[in-house]
Structures are given as structure tokens and as C-alpha cells.
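This report refers to the structure that appears directly beneath it.
Protein chains in written order, with the numbering used here: chain A, 2 to 231; chain B, 2 to 231.
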């Protein structure tokens, strides 16, 4: 059985990495079964052979693949007869920007608002590492980052305008059906709801309708996962 | 001959609308000849039948099409035998987000830095209208918006990260060849260079290399246009 090392919290079934969620949704899209292995920041030795120390890591027939974009490309190439994640070479090229938008705009915009909640859900052995490394990255304490998140929310919501305009005009980023572009972006929202009760989206935001569609996909994979009802 | 109403400055050959540049590049991509008609804000009556008062407006065989996204879709559907702007239905769906990213993030980020330079290049009959309407939008004078553009530049450059990461990894947003996604984004950069000497991109920014590729396309269409050597 193929395996995916998947970031987990103190509760083994609380899975909260946006990048791991991309991989899980991509595997489900490909209709490929996978055993997810709860992984903590403290477990770097078990994935040492990737040379990275980060998840997701997919192990498929003895092959180790790490990095969510590499995993998506691997799955597309290794299982061409399965439903396509990209819809062809053009779609593959056009999908890269979505992953980069999520990596460089969406996830960094979310991170300060979520960091303290992540820490609260981390396994005990991960908390000191997480606090130290993330406070260095943020340049302030996790508590300080959380304290002004209400004030940051309008700018964060404004930054979602390209997504909002798109999913107001079509059901999925991929059009009438979801593609990897959808998963690349959805990972951020699943990350948030997995560890935080903070309400990111206004009640009438079209992004909420799209997110609900994403939650329902693949037998409700993301919907059934441990998360808050935000 | 088909015609495109194309925003022009005091000099009839200074064409500076990001949305018109999308349409011009799309027409060139489709290998379709077009007569561009210099249009000023004061010329709203000549395009009154669109009900919008905005360019680009394409007139093709008696059919009037307005809005850059609608024009791209019209060209793709009306000329299916010509080089594709989207690379198929999936590519079309995936292209919408690029136009929305440019509309909602890139162009608004640029506008305050460019507004005074646009005003300087406007036809005399347009200057009062442009100043009044844009100062209302900006909530301050054109001069005030220009005065702090150096200070805004680092945040603007940071906002380009998704584009930068993508074109550092592949020649075009569309992959190995340009697609409408490239034109949707490139329009912003052509807008800037058409009316401003302000240097937006660092010398070593990979976006500059991509922009040079875009400038060279279709016989150097954008490169040959009246602009500043920034």
C-alpha cells in the first residue's frame, strides 16, 4: 500500500498541513488509495532520505517523492489512465501559478492569523520547536500575531479577490470540475479549519460556496476530517 | 477590416490601456489583422452601443464585442482554426484566474504609482476627467499618490511573487509558449512602460526576462510600440 507522511497534531487524526492536503486531494482525485502516516515535526529522521525534513512525502512502490508539486506531477505521470489532475500539458503549465499564488500570497497571509492555534494543536514534543522557529519567522510572539488578527482580516479577505471573482463565475478553478489548481488553493482553507475556530470568510462570500464544493469531493474526504465547523 | 478601439494619449500612437494590450496581443496571437483606432475618454459616444463607455471594443464583421475577457473568448470561438489562446476548455477555465489576478491585485497595485504619469500623457480634453475621477478613486491627489511610490515599491514587488516564481520555472505562464494567461498579465507591464519612466522591476528580477520574451512576440508588437525604455 502506498503511504503518505502527513502532518498531525497532538491528536493523531488532526491533519493540518496545507501541502499535505494538496497531496491527499490529488491522490483521491486519482482514485488511488493511500495509508496516511501521522507525522510530527519531531519525526524528521523517518523522512531523512528525502533530504528535506518536510511533508508531504509519498512512498509509492518503493519510490519516495516529496514536495506537493512534485507529488502531483509524479501522480499524473505515473497514473496517466486515472482522472487527470491537470487536463493536459497546457493545464499542467497553467497550474503552477496557482500553487505559487497559494505558497506566496495565500498561505503567508493566513499564517500569522493561525500560528497560535497551530501551536495549541501541536504534539507536545513539537511545541517548543514550532514556537521558536515560527516566532523567528514572524518576528514576534505567536500571541502577538494572534492578537491583531481581527484587524488583519479585511486585508486578508481583500487579497482573496482573484479567487472570489473566479469561483463566482465558474464552479471550480478548473471549470466545471475540480483540478489540481483547486486543490493547491483549497489546502489553505483546510489547514485553517483543521486547527482554528477563527472565521476567515464572510457568510456571503462566494469562496465559501466553492469551499463547500471542495469539502464534499471524493466522498467528503476533507469534510469528514477532524476540523472546526467554521 | 476589423477594428479595435484602443486607448490613446495626447500622442495618438501612445497606447496605454492594460486591457487593450490584452486584446492586441490576443489578436496578434490569432494572427488576425486589426486596425486600431485611437480612442480617448472623451470619445465615449463612438462606443455608446456597447453600453459601457470603456475600451477595448472590437468590431469584427459588424459584430461589436467589448471587455477584454469577452474579446478573448470571442476570438477563440470565432477563429478556432487559428492558434489557440487557451489550449482547450481546461486552459480556458484556468485562464480566468490570471485575468482576475491582474484585475484585482496587479493593476490596482500599479495604479497609484502610475496615475500621475497617465495624466501627464492624457489628451488635453481627457485630463480634467481623468484627474477628477481617479482622485476620487484614490482618495488623494495624483501628485500625492506619485510622491510615495518609491516607498510602495517593495510591497508591490513582493506582490509579484507568484508571477516571479512561475516564470523562473518555465518560459511562459502557458508553459513553453505564450497563452492568453500571459497576455492578461503582460498588459499591466506594457501599460506601465507606455506612460512611465518609473522602474518597476529590479535588474535581476526573473519577471524582467519574461517581459522581454513578451515584448519580442508577434514581430515585436509591444516592443515597437511607443514606450519608455524601462
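For glycine and all other residues, C-beta sits at the position ideal for the given N, C-alpha and C.
- Residues of chain B whose Cβ lies closer than 7 Å to the Cβ of residue 130 (chain A) do not exist, since the nearest Cβ in that chain is about 26 Å away.
- When Cβ-Cβ separations below 8 Å define contact, residue 201 (chain A) makes no contact with chain B.
- For residue 183 (chain B), the secondary structure class from DSSP, reduced to helix, strand or coil, is helix.
- The alpha-carbon of residue 193 (chain B) is positioned some 14 Å away from that of residue 123 (chain B).
- Residues 188 and 191 of the same chain have their beta carbon placed closer than 6 Å to that of residue 22 (chain B), with the five preceding and five following residues left out of the count.
- Contact fails between the region 52-64 of chain B and the region 122-139 of chain A, because fewer than three Cβ pairs, one in each stretch, are under 8 Å apart.
- With contacts defined as CB atoms closer than 8 Å, residue 31 (chain A) and residue 84 (chain A) qualify as a contacting pair.
- Judged by pairs of C-beta atoms under 8 Å, the region 64-76 of chain A does not touch the region 142-159 of chain A, as fewer than three such pairs exist.
- Taking all protein chains in view, the Cβ of residue 114 (chain B) is crowded by 16 or more other Cβ atoms within 10 Å, so the residue is classified as buried.
- Between the alpha carbons of residue 173 (chain A) and residue 12 (chain B) lies a distance of about 43 Å.
- Residue pairing of residue 171 (chain B) in beta bridges, as defined by DSSP: absent, with no partner found.
- For secondary structure counted as the alpha helix (DSSP H) over 4 or more consecutive residues, the region 34-102 of chain A holds these complete runs in sequence order: 69-79 and 90-102.
- Secondary-structure assignment with DSSP links residue 8 (chain B) through a beta bridge to B:40.
- Put simply, the backbone Cα of residue 181 (chain B) is about 16 Å away from that of residue 163 (chain A).
- Put simply, the CB of residue 98 (chain A) is near chain B, with a gap under 8 Å to one of its CB atoms.
- A contact between stretches requires three or more CB pairs, one per stretch, nearer than 8 Å, and the region 214-222 of chain B meets this requirement with the region 24-40 of chain B.
- Counting the other CB atoms within 10 Å of its CB gives residue 229 (chain B) a total below 16, which places it among the exposed residues.
- Residue-level contact check: residue 35 (chain B) does not touch chain A, since none of the beta carbons of chain A fall below 8 Å from its beta carbon.
- Sequence-distant Cβ neighbours of residue 118 (chain A) in its own chain, meaning closer than 6 Å and more than five residues away, are 196 and 197.
- Residue 210 (chain A) does not reach chain B, its nearest Cβ partner there being about 16 Å away, counting only Cβ pairs nearer than 9 Å.
- In the displayed model, residue 110 (chain B) falls within a helix according to three-state DSSP.
- As DSSP reads the structure, residue 176 (chain A) sits in a beta bridge with A:173.
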